Amino acid sequence: MSGAIWNLLSFIVALGVLITVHEFGHFWVARKNGVLVKRFSIGFGKALLRWRDKQGTEFVIAAIPLGGYVRMLDERVDPVLPQFKDLAFNHKTVWQRMAIIAAGPAANFIFAVFALWLMYMLGVQTMRPIIASIEPQSIAAQAGMTAQQQIVSVNQHSATDAGSVNLLLVEQIGSESITVGL
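This is the structure we're talking about:
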């Protein structure tokens, strides 16, 4: 798969996750505050997949993955039967409506904190700068280097991983001598 296609698919998946988390924040707080959620949609346009839960909410995954929405019962949008007025968004208190509206961005913030914590806990895998092999009659062999030695510095600059060794060596291109600490 080419790099551009891989990047595009990665972007769409990442965007889909962020949209889902955001809309789920609105959805969850609306439900907790007694608002009837009519539709939870990820994407716009033609529905590719749809199903309903026990409370009657229609869940939709649509063709254009550039957004999403949570459609709640609201008298300003649709006529509402008198027995369902207490389930309408516009009949909730100002504080409840504010909580429902703020829940999307709050869910994204909480997700970001969780994702950063997870990345911090997992860490980054690095390769130790170990010499794999030395060519006979090479300058490294003449300098006394042997296979399986670890490089710890280049010209008195600490080298903690293979990437830093590469960068330090590239900086020395054209130099007459390089001091490598083992």
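To convert a position in the sequence shown, counted from 1, into the numbering used here, add 1. Idealized CB from N, CA, C, for every residue including glycine. If you're wondering where the values come from, they're calculated on a predicted model, not measured in any experiment.
Separation of the CB atoms of H27 and V81 is rounded to 19 Å, and the pair is thereby denied contact status at 8 Å. Sequence-distant Cβ neighbours of P83 in its own chain, meaning closer than 7 Å and more than five residues away, do not exist here. If you check the CB distance, N34 and K86 do not come in under 7 Å. Closest in alpha carbon position to L183, among A141, T21, L168, A100, is A141. CA-to-CA, the gap between M120 and I135 works out to about 36 Å.
Here DSSP, grouped into helix, strand and coil, assigns L183 to coil. Shown here, S42 sits in a strand according to DSSP, grouped into three states.
Here the alpha carbon of A104 sits roughly 32 Å from the alpha carbon of V125.
Taken through DSSP and simplified to helix, strand or coil, M128 comes out as coil. Assignment of Q84 by DSSP, reduced to helix, strand and coil, places it in the helix class. Counting along the chain, the unbroken beta strand (DSSP E) around G69 starts and ends at 59-73. Linking A100 to A5 through their CA atoms gives a straight-line distance of about 40 Å. Taking a C-beta distance under 7 Å as the contact criterion, L50 and I62 qualify as a contact pair. Per DSSP, P137 lies in no alpha helix (DSSP H) and is assigned neither H nor E. Between the region 11-30 and the region 40-47, the count of C-beta pairs closer than 8 Å reaches three or more; the two stretches touch. The residue from V166, W29, I174, Q157 with its alpha-carbon nearest to that of Q97 is W29. Pairing D75 with F90 gives a Cβ-Cβ distance under 7 Å.
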